[in-house]
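Residue numbers (the numbering used here), protein chains in the order written: chain H, 10 to 251; chain L, 132 to 423; chain X, 7 to 660. Note that the Cβ used here is the ideal one computed from N, Cα and C, for glycine as well. First comes the structure, then the notes that go with it.
What follows is the structure, given as structure tokens:
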């Protein structure tokens, strides 16, 4: 469904990604893990159009999305729950969710039943249900993460990009977030998950890629990567024992 | 005492005009971090176009209002396209400051050539005889200005809160990049904010024209003083700019009467200097947490 | 080009001096006189607009203050010109300071609005305070009396020449000095500037006050030149004209200011003469169309880029034939010119011309090159790193150099740093690590005064840091580098380091202007030291390159050299290895060790674990704004809490 081929990208002089290739098949959860500065978020931003790649190809269902603007890419069916959540702070939870469905409400995507989907989102994220009218800026970190993810779901997308959903969250909330990711997976949602926390990510994913210094160092089925010492090495430099 | 009350009424009407222009500044600054240095000229054009429609064209004043509004929309979009968008692309703050100034100068010069350099009288659509309110005189037109300005701002608030497009605008103001991820075309939103901003100024122009002398120079200092009001008001507070506008308007009418008309522009300008000295950027700008 | 630009300016000056010998017509003499007077003002305005990058819409007001000081002194006090000129400069500079002190806390559109308000107020006051200024009636002035005789037109012209010459020399020397570098630095990166000890606010004020002084001089000369002043001259249009002159002529150049002055003086004359205007407009249209054709053919440009200039100039030429006079459309022409310059001619005419010439970028002037060769013969090492210590802090023998206790940094509801203790021992390399968002960079920013901590105590050499400005903290011995490189991109490598050495200069403004021996000595010593620092990081051969042209790895090294110029006791390195290749990282590690060996304590934020584990003596680990572990690298690496924080959940093992 989503294919990245020999992607190169960076910020001005800093060349971050060196010839990345990865594939997210329909209905699967693929995770991109690696330590900080490895380039995970850069990859996400390149996919959703926040930065323009300098080389390589990105295709969605065979259609190239290389060089398109973020809003065009969203209309094509890629929803991005960005790093740092980035909810619309001065607006209510409901309004944030409605904005997630913006292309549907304005005709750029098939409309479907937006209100029904809104209720469904509330079921999936019960914390949000209790806080419909609350301003997003006053939600806690965990609740904002739920909101960002729910907002992405509201697009009725083909693929969801989840960028570091666990960042800044206490372990108990991280658990909750990953439970929800597992549920979305059950519903057949295709997802690309970028995570710093390799363990949780590999638990929920089907396939994994390890990014190190802008290159894919290891990749394989998630359950294999879970026990691969190379993964730990790429994080903590050298052997992490016991 | 009667005179003071009268001055207060006039001051409130004047203040509402400042508030409406200030509102326009807020609209564009919120979504794009830029503003139109020629905002005063947008008001002036609204007044003069309205004058031509009503005086020369014989159009009914009430019909002329939406026409002037439409004109404002187009003028605002033009300013954005020509002056602001290229500068945003170049990431040049200096660029949009200078180009909106340049456009303002051009509009003023064109107005001078079309309508002449003298101030003109705008025929009042309402009865010119004053009404007595709490013992002092107030012109029906002044009441119209106050009502019209409030109505306009309320309408825009309604738009922002209730329609999906309005919400898209607020989303752009909250987080431009995230708004794009939602499929919102933020460039269009910015163009729209400019169009709306000029429309409100033009609308203010045709409202205030019957109360004052209409001419090519009427916009310049207005724009500057409205900026002070915009800063006091803060980014999201419509109430703030109404209060600030009223305070300024009343200060001006009282200064003009009790001290001298020559000095009447001074309180506004001094206010601007004071406000910026005491509470810079923090009121108007988004939270100034520097990311290094 | 900059040095050459000053040569062009000097040449223009010589020409100006010679003109009255060739031309007798007083009309043209007066015209050139006005150009010279405007040039003086524009030199000053360029300091604010071109160097510090601020938009000032109030310079017509300052010009007016200068003119009216002269006028009032002449009329009320019959003061002699020897008194009037210095007073005009002083009074205008004073008003400049009164404006600058509150105004320069803000920047960008706010500053533009404030200065505009100021200019408007000045005009109103001049108009209304008739008891002093005669208001709209204006003041009549006659030519000054010097050495017993009233000056003739020609003689006064030469007086203006002398003033222009002095102003040219003054500004030239100012901008070449450490003050000029400070102005450029605060435009390049305000944050870095503060952290290198150059207080952004203070230097913005200096720049503004100096420009006000020059405007005052210009204003007083203008009063004598015109022999009549009135309030409506000093209006918004004039201020906009001044800005147009600067951006059209070319920022940061003296010749640009002179070209700009010529344009704004000649332009209204041109517009008044419709025949001349038609000729000029048609020629311009033809030239631009031809240039576009050539450019398209040679593939230098493409259709979209040339459409507007070609159509525009053509339309203007056609338009000029329709009209009987252009004077009424003067302001529109100015407006269009501004738009044109802002989008198509960003570097002004001077910049455009210098791009055409083959030499390319900036060349250093010869005096600096001489110093450079001397410096190359000196040995690097200890000489570079904190040898002579201008920072007179006693290098105490206190084993703890930095003591942070219970630091709390809260942004709204978010506790970015939550009750963290950090004790740094003198002479160690102390690592600070943690997952993204754990508070490391925030800690750096708190330690360097960019954020004020919500609570807690921080002591550096037993003196508190809390509540102090960044530039103050920098000058007391803490230097840093930045996660996102904050170099002064448009300055050379050498100049970047020289900004770091700003603290070594004590010469006041007049020493700089007069090039006294003590100032020249300071400049030479700073250059020597700068070269030694560059030598230390291996960048000396690139000393004259523009900083933004350096490859990324070298930019990071330059940042370190610049930080070392502060002779710090404590160096904070924020992710110095980010984006570096493996060989670069090896080099970096060597440098960090050398720095520590020369007596500087280092705090290192890094994600590259091999770097951290390789050189740090102690490592502190942050997570969620709290310290979760501390100790020797190996201990920390094996610590369960740390592993969990980074990898999350159960560990990944074979």
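Using the Cβ count rule (16 or more neighbours within 10 Å means buried), how would you classify residue i?
i: residue 584 of chain X; result: buried
i: residue 41 of chain X; result: buried
i: residue 232 of chain H; result: exposed
i: residue 21 of chain H; result: exposed
i: residue 391 of chain L; result: exposed
i: residue 272 of chain X; result: exposed
i: residue 86 of chain X; result: exposed
i: residue 619 of chain X; result: buried
i: residue 611 of chain X; result: buried
i: residue 506 of chain X; result: buried
i: residue 333 of chain X; result: exposed
i: residue 50 of chain H; result: buried
i: residue 467 of chain X; result: buried
i: residue 293 of chain X; result: exposed
Can you tell me whether residue i is helix, strand or coil according to DSSP?
i: residue 115 of chain H; result: coil
i: residue 395 of chain X; result: Its pLDDT being 44, under 50, residue 395 of chain X is placed unreliably in this model, and the value from its coordinates should be taken loosely. Three-state result, residue 395 of chain X: coil.
i: residue 465 of chain X; result: strand
i: residue 158 of chain X; result: coil
i: residue 27 of chain H; result: strand
i: residue 149 of chain X; result: coil
i: residue 373 of chain X; result: Here the model assigns residue 373 of chain X a pLDDT of 41, short of 50, so the residue's position is not dependable, and the following value carries that caveat. Note: residue 373 of chain X maps to helix in three-state DSSP.
i: residue 32 of chain H; result: strand
i: residue 571 of chain X; result: coil
i: residue 384 of chain X; result: Bear in mind that the predicted position of residue 384 of chain X carries a pLDDT of just 42, short of 50, making it unreliable; the figure below should be weighed with that in mind. In the structure shown, residue 384 of chain X sits in coil (DSSP, three-state: anything other than H, G, I, E or B).
i: residue 389 of chain X; result: With a pLDDT of 43 at residue 389 of chain X, under the threshold of 50, the modelled position of this residue cannot be trusted, and the question is left open.
To which residues does DSSP link residue i through a beta bridge?
i: residue 72 of chain H; result: H:69
i: residue 227 of chain H; result: H:219
i: residue 17 of chain H; result: H:64
i: residue 626 of chain X; result: X:438, X:636
i: residue 512 of chain X; result: DSSP lists no partner for residue 512 of chain X.
i: residue 204 of chain H; result: H:42
i: residue 498 of chain X; result: X:552
i: residue 217 of chain X; result: Residue 217 of chain X pairs with nothing; no bridge assigned.
i: residue 54 of chain X; result: Residue 54 of chain X is not bridged to any residue.
i: residue 429 of chain X; result: X:409
i: residue 12 of chain H; result: H:32, H:68
What residue range is occupied by the uninterrupted beta strand (DSSP E) comprising residue i?
i: residue 173 of chain L; result: Premise fails: residue 173 of chain L lies in the alpha helix (DSSP H), 170 to 182, not in any beta strand (DSSP E).
i: residue 435 of chain X; result: 435 to 439
i: residue 88 of chain H; result: 87 to 90
i: residue 268 of chain L; result: 267 to 269
i: residue 410 of chain X; result: 406 to 417
i: residue 486 of chain X; result: 484 to 486
i: residue 240 of chain L; result: No beta strand (DSSP E) holds residue 240 of chain L; the alpha helix (DSSP H) holding it covers 224 to 246.
i: residue 172 of chain H; result: 168 to 172
i: residue 580 of chain X; result: 576 to 580
i: residue 607 of chain X; result: 607 to 611
Need the endpoints of the alpha helix (DSSP H) that residue i sits in, please.
i: residue 218 of chain L; result: 216 to 220
Would residue i pass as an interface residue toward chain B - the criterion being a Cβ-Cβ separation below 8 Å?
i: residue 249 of chain L; result: Absent from the structure: chain B. Protein chains present are H, L and X.
Give, in chain order, every residue of the region 282 to 316 of chain L whose Cβ lies closer than 7 Å to some Cβ of chain H. 295, 298, 299, 301, 302, 305, 306, 308, 309, 311, 312, 313, 314, 315, 316
The region 212 to 231 of chain L: which residues have C-beta closer than 9 Å to a C-beta of chain X, in chain order? 213, 214, 217, 218, 221, 223, 224, 225, 226, 227, 228, 229, 230
Of the residues that make up the region 113 to 139 of chain X, which ones have a beta carbon closer than 9 Å to any beta carbon in chain L? 113, 114, 115, 116, 117, 118, 119, 120, 122, 123, 124, 126, 127, 130, 131, 133, 134
Listed in chain order, which residues of the region 54 to 84 of chain H have Cβ atoms closer than 9 Å to some Cβ of chain L? 57, 58, 59, 78, 79, 80, 81, 82, 83, 84
Using a beta-carbon distance cut-off of less than 8 Å, what residues from the region 159 to 178 of chain H approach chain X? 173, 175, 176, 177
Chain X contacts made by the region 20 to 31 of chain H, where a contact means CB separation under 7 Å: 22, 23
With 9 Å as the C-beta to C-beta threshold (strictly closer), list the residues of the region 408 to 442 of chain X near chain H in chain order. 418, 419, 420, 441, 442
What residues from the region 570 to 590 of chain X come within 7 Å of chain H, judged by C-beta to C-beta, listed N to C? 584, 585
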